[in-house]
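S.K.:
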Amino acid sequence: MITSIAHVTVYVLNQEEALDFYVNKLGFEVGEDMTVEGGFRWLTVNPKSQSQLQLVLAEPKEGPMFTKETASKIRSLIEDGAFGVGVFETDNCHKTYEELVAKGVEFIQPPTEQLYGVEALAVDNSGNWFSLVQRAK
Amino acid sequence: MTANSKYKRLISARDYIADHYHAPFSLTEAAAHSFMSPFHFLRAFKANYGETPNEFLIRLRISKAKQMLITENASVSEICERVGYASLGSFSSLFLKQVGMAPTVYRRTLWQLSNEPFRYPIQAIPACYAYHFLRKPGD
Numbered sequence: 001m002i003t004s005i006a007h008v009t010v011y012v013l014n015q016e017e018a019l020d021f022y023v024n025k026l027g028f029e030v031g032e033d034m035t036v037e038g039g040f041r042w043l044t045v046n047p048k049s050q051s052q053l054q055l056v057l058a059e060p061k062e063g064p065m066f067t068k069e070t071a072s073k074i075r076s077l078i079e080d081g082a083f084g085v086g087v088f089e090t091d092n093c094h095k096t097y098e099e100l101v102a103k104g105v106e107f108i109q110p111p112t113e114q115l116y117g118v119e120a121l122a123v124d125n126s127g128n129w130f131s132l133v134q135r136a137k
Numbered sequence: 001m002t003a004n005s006k007y008k009r010l011i012s013a014r015d016y017i018a019d020h021y022h023a024p025f026s027l028t029e030a031a032a033h034s035f036m037s038p039f040h041f042l043r044a045f046k047a048n049y050g051e052t053p054n055e056f057l058i059r060l061r062i063s064k065a066k067q068m069l070i071t072e073n074a075s076v077s078e079i080c081e082r083v084g085y086a087s088l089g090s091f092s093s094l095f096l097k098q099v100g101m102a103p104t105v106y107r108r109t110l111w112q113l114s115n116e117p118f119r120y121p122i123q124a125i126p127a128c129y130a131y132h133f134l135r136k137p138g139d
């Protein structure tokens, strides 16, 4: 029986810049940051109240699974906003939206009433989209 | 107090603990950063984060110690002090309990596995990522 999800990959253009965004703008914390032999940087972040699910911030680079061309294509797709990170929950979408806007986070859609709650749509500094949702009670 | 305000106060206290992980821990001081009584703070922290402030601090200290053990050449005693423990015995016991091996064994094991000094071995990250970014299965 699978009990939980531990890691989810978010492809980013630059790990250092993504780290700044997720930590200093979204308020996440660093889960693990370690340089593995071969120079690969294993970098994870998580919301402070949810340390069991780590977002792995990874750069698409030429390697065993990606040719140089594939890595380049993925980078272009990220920049084009072709990928979505997922849904981040908040207990007050309007307030969190205002706080994040003040920190310079780019929003595609302001808080809007949806069937499942109040949702705003933002983009990280790589181009990944994510929803900010306050669930309907 | 709204849920948002309470959460922010808890984060402030949690950040205070994290920023002072190497210093002696005082529940009263940490609680003061949340503007709650120590009893209230303890309950709210556990309810929100699933661990007590002390458990959070231990997790953080052990995590820092693990990193220092691999990426630095400092002695275990020095690392023990730098992460906030006065007693090497207490630190080693906690480390063993949390990590499953003593600090010296942890360092020796990971250093032996790694082909590069002061870097984590490939086995330290999930294999799907190692194979994806570093080498294919069978290589």
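In order, the protein sequences belong to chains A and B. Position one of the first sequence corresponds to residue 1 (the working numbering), numbered consecutively onward. Position one of the second sequence corresponds to residue 1 (the working numbering), numbered consecutively onward. Every residue gets a Cβ at the ideal spot worked out from N, C-alpha and C, and that includes glycine.
From Gly100/B, Ile70/B, Lys64/B, Arg59/B, pick the residue whose C-alpha is nearest to that of Gln112/B; which is it?
M.R.: Cα-wise, what sits closest to Gln112/B is Ile70/B.
S.K.: Which word fits Arg108/B, buried or exposed, when buried means at least 16 other C-beta atoms lie within 10 angstroms of its C-beta?
M.R.: exposed
S.K.: So, helix, strand or coil for Phe118/B, using DSSP?
M.R.: It is coil, neither helix nor strand.
S.K.: Relative to the C-alpha of Glu32/A, which residue among Ala6/A, Gly104/A, Leu13/A, Lys25/A is closest?
M.R.: Ala6/A
S.K.: Please go through the same chain and pick out, in chain order, the residues whose beta-carbon is closer than 7 Å to the beta-carbon of Thr96/A, but skip the five residues on each side of it.
M.R.: Thr90, Leu132
S.K.: For Thr9/A, list the residues DSSP reports as bridge partners.
M.R.: Val56/A
S.K.: Please determine, among Gly81/A, Val30/A, Met34/A, Ala122/A, the residue with the shortest C-alpha to C-alpha distance to Cys93/A.
M.R.: Ala122/A
S.K.: Exposed or buried, Ala120/A, counting other C-beta atoms within 10 Å across all chains shown (16 or more means buried)?
M.R.: buried
S.K.: Would a check of beta-carbon distances place Asp20/A closer than 7 Å to chain B?
M.R.: no
S.K.: I want to verify the contact list: residues of chain A whose CB lies under 7 Å from the CB of Ile125/B, in sequence order.
M.R.: Identification of chain A residues near Ile125/B by a Cβ-Cβ cut-off of 7 Å yields Val36, Trp42, ordered along the chain.
S.K.: In the DSSP output, which residue or residues are listed as bridge partners for Met34/A?
M.R.: Trp42/A
S.K.: Tell me the residue span of the alpha helix (DSSP H) that contains Gln112/B.
M.R.: 103-113
S.K.: So the candidates are Gly104/A, Glu29/A, Tyr11/A; which of them puts its Cα closest to the Cα of Leu57/A?
M.R.: Nearest option by C-alpha distance: Tyr11/A.
S.K.: Please tell me whether Asn92/A has its Cβ less than 7 Å away from any Cβ of chain B.
M.R.: By the rule that beta-carbons nearer than 7 Å mark a contact, Asn92/A touches chain B.
S.K.: Can you give me, in chain order, the residues of the stretch 18-29 of chain B that have a beta carbon less than 9 Å from any beta carbon in chain A?
M.R.: Ala18
S.K.: Tell me, please, whether the CB atom of Leu134/B is closer than 7 Å to any CB atom in chain A?
M.R.: yes
S.K.: Using 8 Å for Cβ pairs, my map puts Glu62/A next to Gln15/A. What's the rounded Cβ distance?
M.R.: With a Cβ gap of about 16 Å, Glu62/A and Gln15/A do not count as contacting.
S.K.: Am I right that Val83/B and Ala102/B are in contact with their C-beta atoms under 8 Å? What's the rounded C-beta distance?
M.R.: Contact flag wrong, Cβ pair sits at about 15 Å.
S.K.: Thr44/A to Glu29/A, Cα distance in whole Å?
M.R.: 9 Å
S.K.: Let me see if you follow: with CB-CB separation under 7 Å, is Gly81/A close to chain B or not?
M.R.: no
S.K.: When you compare each of Ser4/A, Thr3/A, Val8/A to Tyr129/B by their alpha carbons, which one comes out closest?
M.R.: Val8/A
S.K.: Determine, using beta carbons only, whether Pro110/A comes closer than 7 Å to chain B.
M.R.: no
S.K.: Classify Leu115/A: buried if its beta carbon has 16 or more other beta carbons within 10 angstroms, exposed otherwise.
M.R.: exposed
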